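For reference, the structure is listed below as structure tokens.
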Amino acid sequence: MPFALSAPFASEILWLTLLALLLDLMIGDPRWLPHPVVALGRLIALLDKLWNHGRARAKRIKGVALVLVVVVLAWSLTALVLALVAMVNTWLALMVEVLLLATCLAAHGLVAAAREVYIPLRRGDLVAARKAVAALVGRDTRELDEAGVARACVESVAENTVDGITAPLFWVLVGGAPMAMAYKAVNTLDSMVGYRNERYTDFGWASARLDDIVNWLPARLTAFAMWLTAPVLLSGHWRRTRMHLWKEAWRTTCREAPRHPSPNSGWPEAMVANLLGIQLGGRNVYAGQVSERARLGRPLQALHAGHIQEAILCLHAGTMGVVVMLVIATPMITTLLEAILAIWRGGAV
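Sequential numbering from 1 applies to the sequence shown in the UniProt record's numbering.
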């Protein structure tokens, strides 16, 4: 079965993952196709309505139950669907797994959303650019100037490269489509209830903490992958004028990333800032409340629309770098699985 733990699993799932990534890059998520994450969101919203009440301790316990129910259900239903389809036809099961994996990736949608900001901003249509970037970020965008819109978009692209692309790729290799869907469940939980406010501080605590855990390694791998592959994917102009920034980018990112309020988002954001010679972070406004974020990178140039295009290239650099890492890691994982299975079979005889 496509998701069974076996020695061929790692190499098989790698090819399925590459096909899913290619499918996502080409067509994204068609609006007419039912999306599993939408169903997860509806379930979370229902349980939020039913369970999010009572005292703080009770809400925290029910928040843990929420995580268990949603994540286990996402994993088990995906595994069950694949098992049932595999009973009919193995090739059909592989096709279904590719489709499910593609729904866990958001490269196409993220790039399209960023370009919807870039195009009007490049034309000088600040009103349209503000409206477009409002779909990507939670901050107030009505008063943002060109630099503010560009910063918001670049930060969103950098952060969501992990959530929407590289972290799902990582967890796919760990456990196929069921594990990828479980990751998306965690990510959706965090986006819906993982807030530090009166309603969700306790109920969303488990969701937020688990999201921090499952993104810890992918966030750092993504920053490293961006750093490794940026000289290949970024433009010739960048190589001529800012290649010197690359030499210090990894060390500076390691120093700056922990300043970010998120234990993970700071890594891709700091790397993009240091590669492009811009400064991210600073003053944001949320529902009328001013929030000061740690500044990442150096303001060697004013932010403008062109930096959105370069952030998209950093997204592709991070994706390509993580894929290369997974390709290199697959033979080692296969060898490890073979050794574990050999020991298990030897002990079972």
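Just so it is clear, CB atoms sit at the ideal spot from N, CA and C, and this is done for glycine as well.
All values derive from a computational prediction rather than experimental measurement.
Membership of G148 in the alpha helix (DSSP H) is indicated by the continuous run E146 to T161. By the CB criterion at 8 Å, N215 and V162 fall inside the cutoff. The straight-line gap separating the alpha-carbon atoms of V71 and L84 is approximately 20 Å. Assignment of R293 by DSSP, reduced to helix, strand and coil, places it in the strand class. Within its own chain, the residues whose Cβ lies closer than 6 Å to the Cβ of G266, once the five positions on either side in sequence are excluded, are A257 and H260, listed in chain order. For R251, the three-state secondary structure derived from DSSP is helix. When C-alpha distances from T229 are compared across G176, G318 and G281, the shortest belongs to G318. In the structure shown, Q301 adopts coil according to DSSP, grouped into three states. Take the alpha-carbon of Q301 and the one of V137: they are about 23 Å apart. Judged by DSSP secondary structure, G164 falls outside any beta strand (DSSP E); it is assigned neither H nor E.
The three-state secondary structure of R60, taken from DSSP, is helix. Remark: C-beta atoms of Y118 and A305 approach each other more closely than 8 Å. For the pair R151 and L280, the CB atoms are nearer than the 8 Å cut-off. Burial is judged here by how many other beta carbons sit within 10 angstroms of a residue's own beta carbon; K247 has fewer than 16 and is exposed. Taken in chain order, the complete alpha helix (DSSP H) segments of 4 or more residues contained in the stretch 215 to 290 are 236 to 256 and 266 to 276. In the structure shown, V137 falls within a coil segment according to DSSP collapsed to helix, strand and coil. Between the alpha carbons of L275 and K131 lies a distance of about 27 Å.
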